[in-house]
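Comments concern the structure below.
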Amino acid sequence: MSQVQARFFTENKKYLIDDVPFSIPAASEVTDLSAVINKLLEAKNDGHKHVEFDFLVQGQFLRTSLASRMETENISTEDVVEIEYVEKFTAPQPEECIMHDDWISSVEADSEWILTGSYDKTARIWSMEGKAVMTVAGHTDVNLYNGLSSLLLSASLDQTIMLWEWNSERNKVKARHCCRGHAGSVDTVAVDPTRTKFCSGSWDKMLKIWSAVPTEEEDEIEEPNRPRKKQKTEQMGLTRTPLMTFSGHNEAVSSVLWMDAEELCSASWDHTIRLWDAETGGQKNAITGSKVFNCISYSPLCRRLASGTTDRHVRLWDPRSKDGSLVLLSLTSHNGWVTAVRWSPSHEHQLVSGSLDNVVKLWDTRSCKAPLYDLAAHEDKVMCVDWTENGLILSGGADNKLYTYRYSACVSDAGA
Amino acid sequence: MRPTHSGTMSKLKNKKRNLEENEDEQLPIFDKDGGKDAHLDDGDEDQGDLSDGEESVFSGLEESGSESDDEEEEEEDEEDGSEEKSSDIEENQTADGDGDDQLSAKEVIKPQTDGQNSKEEKKKKKAAGKEGGEESVASVRDSGLQISSQVDEYEHDTSDEEDIRNTVGNIPMEWYKDYPHIGYDLEGKKIFKPIRNKDELDEFLDKMENPDYWRTVQDKMTGADIRLSDEQVDLVHRLQQGKFGDVNFNEYEPAIDFFSNEVMIHPVTNRPQDKRSFIPSLIEKEKVGKLVHAIKMGWIKPRRPKETTPQYYDLWAKEDPNSILGRHKMHVPAPKMKLPGHEESYNPPPEYLLSEEERLAWEQQDPEYRKLSFLPQKFACLRAVPAYSRFIHEQFERCLDLYLCPRQRKMRVNVNPEDLIPKLPKPKDLQPFPTTQSLVYRGHSSLVRSISISPSGQWLVSGSDDCTVRFWEVSTARCLKTVEVGGAVKGVAWNPNPSICLVAVSYDDTVVLLNPGLGDRLVCTATDQLISSYEEPEEVMDQSVQWAVAEGEGHEQGHRLILKHPKAVRQVTWHGKGDYLACVMPDNGSSLQVVIHQVSKRRTQNPFRKNKGLVQCVSFHPIRPYFFVATQRYVRVYNLIKQELTKKLMANCKWISSMAIHPGGDNVICGSYDCRLAWFDLDLSTKPYKVLRHHKKALRSVAYHRHYPLFASGSDDGSVIVCHGMVYNDLLQNPLIVPVKVLKGHTITHDLGVLDVTFHPTQPWVFSSGADGTVRLFT
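Sequence lines, in order, name chains A and B.
Those letters in the first sequence? Residues 1 to 416, by full-length UniProt numbering.
Those letters in the second sequence? Residues 1 to 779, by full-length UniProt numbering.
Put into structure tokens, the structure is as follows:
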């Protein structure tokens with residue numbers, strides 16, 4: 001019992017070792033195993049630097065001793081244990097803390113800029129270094145969500161979505177279109193992969209699809225003789241009406257996203273996630289949960305949906321499954337509602353979640369019992385998280401602070 | 001017979017009769033004088049006399065026995081007749097005598113003829129008619145008549161009344177002791193006592209010498225000495241011996257039984273049998289007919305044959321028949337005595353003798369726990385063994401053992417306490433219900449008295465003692481708006497109509513309708529238009545409440561209408577359609593406790609003319625036009641259309657604090673300050689269907705969920721208790737009430753915990769506001 005036969009393997013060519021079984025003490029833990037691998041690597045090539053490794057037994061990270069793990073997984077100690085090792089994820093490094101004047105309701109970032117929406121009725125553009133670049137003020141009410149690139153989208157509690165055009169060189173913002181049509185606060189917007197359309201979900205239970213292409217023509221308005229129309233147009237942009245309306249939810253739509261160019265996914269307070277055909281407007285599939293959905297995120301890498309609900313769990317769903325409501329995995333560690341969840345754009349197993357318990361958690365689906373890291377910097381409710389392609393994790397909350405973390409997950413094994 | 005009369009008495013009687021004779025003879029003369037009527041009467045008598053003339057001879061015999069009036073009457077007549085005749089007969093033998101004699105005789109006789117007094121009086125009455133004033137004559141005649149009737153009686157009488165000399169009557173003779181005379185004779189002259197100067201010596205001599213002394217008695221009446229004759233002495237002896245006085249009387253004569261069972265040829269009475277004994281009885285026929293009918297109809301049944309088997313008490317009836325020897329199985333043998341062992345021996349082996357330490361330990365031990373009840377001792381010989389000192393004690397204990405030994409094995413009933421609890425579904429199966437605290441809405445600086453949620457479930461309004469009303473976003477706990485009002489807010493209520501965006505806020509004596517400007521733009525503007533489009537009616541009504549439109553700063557803040565009440569308003573509640581608003585102004589002395597406002601017409605009405613107690617809270621029925629008014633002890637249900645009291649619910653508690661109506665409308669829950677929550681089923685009874693006492697302190701608020709079968713109660717102990725309250729559609733099934741969760745979160749401030757609870761309109765979430773200035777959301 002004291003010794004087990006183990007064979008180590010990795011997909012990272014840099015750290016390849018001989019494919020032979022080793023006899024290792026059963027009581028050894030991650031650090032012991034890591035030392036073993038490092039020893040082997042040192043023996044193989046002289047210029048090896050010490051690297052911390054993490055180990056996976058049957059697709060799950062090893063967190064306890066090897067023996068207890070094998071016991072729980074019912075692995076016979078007689079056989080040779082296959083152990084995969086990967087470079088250990090280093091903890092996310094906090095980078096910036098950007099102060100806002102009010103609660104941060106939403107955040108979105110690309111490689112250069114960070115766009116945040118706040119309860120002080122403004123959207124702000126920040127540089128990566130945390131410098132305020134631009135303040136977009138136009139909504140009469142709390143600002144919520146943002147689109148991206150030189151065209152910005154802002155949705156608000158005042159039931160409108162504004163389409164802005166931002167000239168980054170001149171640093172000027174112009175309101176191009178004001179999208180009217182919702183009868184409730186607009187809680188979520190999502191731009192489709194082709195960047196020609198966007199979809200919005202609202203408290204009025206509707207999903208609406210709008211054109212994201214700025215034009216000079218105004219859509220037909222229901223009130224033709226509007227006083228001060230010119231002035232209004234200059235301030236608010238041209239009024240735009242929705243291309244399509246999806247109705248089907250029984251409660252407020254809390255989150256919407258594009259799965260691909262033709263497929264929409266929306267989560268609602270009526271405990272369902274629905275998949276829609278963006279072309280025909282028909283409902284394709286529905287996943288029924290037991291709690292109100294606050295947020296969803298989709299990873300094209302693993303083709304999974306992650307949802308944050310008003311209980312403590314982050315749940316993973318397979319949107320393709322016909323029988324619908326089958327939870328693949330529950331990630332339980334939060335103590336409050338999960339308000340935000342976001343898949344890593346580059347890693348198929350990793351996601352980040354924010355909760356009302358002031359904590360942002362970084363998860364690896366291979367280690368579903370406990371999160372990889374807790375990012376407990378916020379002093380109040382976390383309202384939004386984002387994860388950029390270049391490995392930046394952002395989180396904003398009710399403490400008016402936007403935190404950014406540099407997280408260098410090894411890109412090498414992401415493609416696997 | 002007459003000739004046998006002898007002596008003075010017979011003479012006297014004769015004299016009387018003679019006198020009577022004379023009177024009778026004179027009667028006709030009187031009659032002639034008196035008139036014809038009297039004569040007729042007399043004639044009747046005479047006739048009667050004539051008819052019965054022959055029998056009159058024996059009249060004397062019959063008279064003594066018969067007492068009845070009629071017969072007497074007749075007999076009297078007969079007597080008259082007989083007397084007349086007899087007197088006629090005796091007329092010849094008339095002897096001369098004095099009237100004085102006759103009178104005195106009559107007087108003497110009178111007391112002896114008691115039985116005949118009535119006769120005499122009747123005679124007198126008769127005579128009254130005939131004789132008028134001549135009573136004396138009649139009485140004389142009467143007396144004569146009496147005497148004549150008694151003639152036979154005295155035939156053999158030896159009474160010495162005949163020679164009565166003394167007329168003093170039957171008085172104690174001592175009265176004459178001191179007088180020389182002893183009475184009066186018939187002529188009224190004194191009868192002197194015989195001169196007797198006998199002293200004791202004379203008496204003695206007389207006794208010694210007179211051979212008749214023993215038969216000499218003194219006549220008290222005359223004072224004379226009388227020597228009794230032989231016959232008299234004999235009579236005295238006989239009487240002393242208890243014998244009959246008459247020697248010839250045979251008291252043992254054989255009796256003749258006239259009325260015997262033997263049928264005689266010549267019966268005593270010869271009455272022929274009645275006719276009715278020959279013909280069948282109609283009454284019997286009728287009775288038999290009734291019985292036959294009753295038997296035919298089955299009303300009468302033949303008597304059940306008596307059970308001949310004797311009744312005994314079965315001592316072992318209750319015993320299980322299957323266990324043949326059940327009684328014996330249950331037998332508990334008497335405890336046996338322990339057999340003596342070596343330690344009881346007078347010379348026990350040394351290992352049984354206790355060492356010093358063991359002995360000390362034995363002595364210190366409690367007698368009950370001692371292994372041995374005595375100390376083993378060693379004696380040199382059996383002779384040296386002393387008397388056992390504990391003998392009596394041990395025998396007594398042995399008797400106690402026998403006596404107190406149980407006679408029967410006790411069958412202990414093992415009841416699992418779990419089984420006694422009614423089967424309720426597990427809370428886990430009753431999900432969803434709120435379980436954990438999710439959000440805390442912080443911002444108020446003082447206790448939050450009231451909360452209300454918008455019909456869409458997106459906003460929450462709370463009113464606090466810090467004179468502010470705050471509007472919150474439910475999902476984020478973000479305070480979107482703070483409106484200041486002029487006093488501590490007692491109640492807030494969001495208009496339940498989704499097409500109107502109004503919130504009623506009560507503070508002090510004012511109710512303000514606020515437009516928070518949240519939610520759909522169109523709805524908010526429509527609400528404002530609705531309020532501004534109001535037109536003042538032609539005639540201005542005199543209302544107890546002043547309506548005013550808010551202007552200026554207030555309007556900026558969202559105030560739209562201000563209603564000034566005469567008294568402090570404690571609660572506001574909307575009707576389901578959102579036009580009517582009921583306000584409670586608790587006041588024990590006034591009838592104006594509840595007012596109902598119609599917002600669209602800005603009208604106020606006081607629905608109740610009478611004060612029926614301190615109103616605690618009111619509520620509109622969700623569907624029907626009913627109005628619930630909770631006073632301290634009762635909940636009254638009024639029909640608003642018929643304007644009458646429909647029901648009065650007895651809450652069985654001391655002081656109702658809050659009330660909530662089930663969205664179905666048939667169930668009501670009431671919270672009370674004495675820690676109870678009463679669930680009423682309006683279809684079932686006016687008494688609580690169930691009373692829950694889960695809270696430790698006074699309940700402040702209760703609420704129903706609009707869709708889920710949930711209700712919640714908030715209490716001063718800082719907890720919210722959520723219960724599953726399923727109401728079934730079929731009337732047969734009673735509501736199922738299961739407490740599912742105790743939600744804690746509020747800190748107790750100034751002895752106050754949770755002040756208000758309300759449910760989210762669509763989700764199974766409950767909000768509670770507390771004295772700690774927070775509102776909490778439990779999901």
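No residue lacks a Cβ here, since even glycine has one placed at the ideal position from N, Cα and C.
I need the boundaries of the beta strand (DSSP E) containing A:N285, first residue and last residue.
283-288
Any Cβ of chain A within less than 8 Å of the Cβ of B:V775?
no
Alpha carbon to alpha carbon, how far is B:A548 from residue 418 of chain A? Give it in angstroms, no decimals.
The first residue shown for chain A is 1 and the last is 416, placing residue 418 of chain A beyond what the model contains.
Distance check for A:R274 and A:K291, CA to CA, integer angstroms please.
14 Å
With a cut-off of 8 Å, does the C-beta of A:V81 fall near any C-beta of chain B?
For A:V81, no Cβ of chain B is located within less than 8 Å of the residue's own Cβ.
Give the single residue among B:T631, B:A493, B:E394 whose Cα lies nearest to the Cα of B:P367.
B:E394
B:V754 and B:S719: beta carbons closer than 8 Å?
yes
Assuming the contact rule is C-beta atoms closer than 8 Å, A:A376 and A:N358 should be a hit. Round their C-beta distance to whole Å, please.
7 Å
Which chain B residues are close to A:V292, counting only those with a beta carbon under 7 Å from its beta carbon?
Q763
Compare the C-beta of A:T310 with all C-beta atoms of chain D and state if any pair is closer than 8 Å.
Although the question refers to chain D, the structure presented lacks it and instead comprises the protein chains A and B.
For B:P432, which residues in chain A fall below 9 Å Cβ to Cβ?
S290, K291
Give, in chain order, every residue of the UniProt repeat "WD" (331-367) of chain A whose Cβ lies closer than 9 Å to some Cβ of chain B.
N335, G336, W337, T339, L356
Excluding sequence positions up to five away, which residues of its chain have a Cβ less than 7 Å from the Cβ of B:S438?
Beyond the five residues adjoining it in sequence on each side, B:S438 comes within less than 7 Å, by CB distance, of L777, F778, T779 in the same chain, given in chain order.
Where does the unbroken beta strand (DSSP E) through B:H694 begin, and where does it stop?
Premise fails: B:H694 is in no beta strand (DSSP E) and is neither H nor E.
Using a C-beta to C-beta distance shorter than 9 Å, which residues of chain B count as neighbours of A:G184?
S456, Q458, G519, D520
Which runs of the beta strand (DSSP E) fall wholly inside the segment 90-144 of chain A and span at least 3 residues, in chain order?
Restricting attention to beta strand (DSSP E) runs no shorter than 3 residues, the segment 90-144 of chain A encloses them at 93-99, 104-109, 113-118, 122-127, 132-137, ordered along the chain.
B:E473 by DSSP, collapsed to three states: which one?
strand
How big is the Cα-Cα spacing for A:Q58 and B:H746?
The C-alpha of B:H746 is placed about 46 Å away from the C-alpha of A:Q58.
Tell me which residues share the same chain as B:S591 and place their Cβ nearer than 7 Å to its Cβ, disregarding the 5 neighbours each side in the sequence.
F608, R609, K610, N611
Between A:E71 and chain B, is any beta-carbon pair separated by less than 8 Å?
No, its Cβ sits nowhere closer than 8 Å to a Cβ of chain B.
Is A:M162 close to chain B, meaning its C-beta is less than 8 Å from at least one C-beta of that chain?
Against chain B, the CB of A:M162 has no partner CB under 8 Å away; the residue lies outside that interface.
So the beta strand (DSSP E) B:Y441 belongs to, where does it begin and stop?
437-441
Which bits of chain A does B:T779 rub up against, with CB to CB less than 7 Å?
Among the residues of chain A, those whose CB is under 7 Å from the CB of B:T779 are T310, following chain order.
Which ranges does the beta strand (DSSP E) cover as unbroken runs of at least 3 residues, wholly within the segment 161-215 of chain A, from first to last along the chain?
172-180, 186-191, 197-202, 206-211
Counting only beta-carbon atoms, is A:E251 nearer than 8 Å to chain B?
yes
B:H293: buried (16+ other C-beta within 10 angstroms of its C-beta) or exposed?
exposed
The beta strand (DSSP E) that contains A:D364, what's its start and end?
360-364
So the candidates are A:G47, A:A155, A:R176, A:Q159; which of them puts its Cα closest to the Cα of A:D204?
By alpha-carbon distance to A:D204, the top candidate from A:G47, A:A155, A:R176, A:Q159 is A:Q159.
Give me the chain A residues within the contact set of B:S438, using Cβ-Cβ distance strictly less than 7 Å, ordered along the chain.
T310, G336, W337, L356
Residues of the segment 473-485 of chain B with a CB closer than 9 Å to any CB of chain A: list them in chain order, please.
E473, S475, T476, A477, R478, L480
Could you check if B:F759 is buried or exposed, using at least 16 other CB atoms within 10 Å of its CB as the buried criterion?
buried
Name the chain B residues whose beta carbon is nearer than 8 Å to that of A:M383?
T476
Can you find a C-beta in chain B that's less than 8 Å from the C-beta of A:R228?
With a pLDDT of only 44 at A:R228, under the threshold of 50, the placement of this residue in the model should not be trusted; the figure read from the coordinates follows. So, not an interface residue.
Throw me the rounded Cβ distance for the B:G773 and B:V727 pair, which I believe falls under 8 Å.
35 Å between Cβ atoms; not a contact.
Is A:Q3 close to chain B, meaning its C-beta is less than 8 Å from at least one C-beta of that chain?
no
Could you spell out where the beta strand (DSSP E) holding B:G770 opens and where it closes?
766-770
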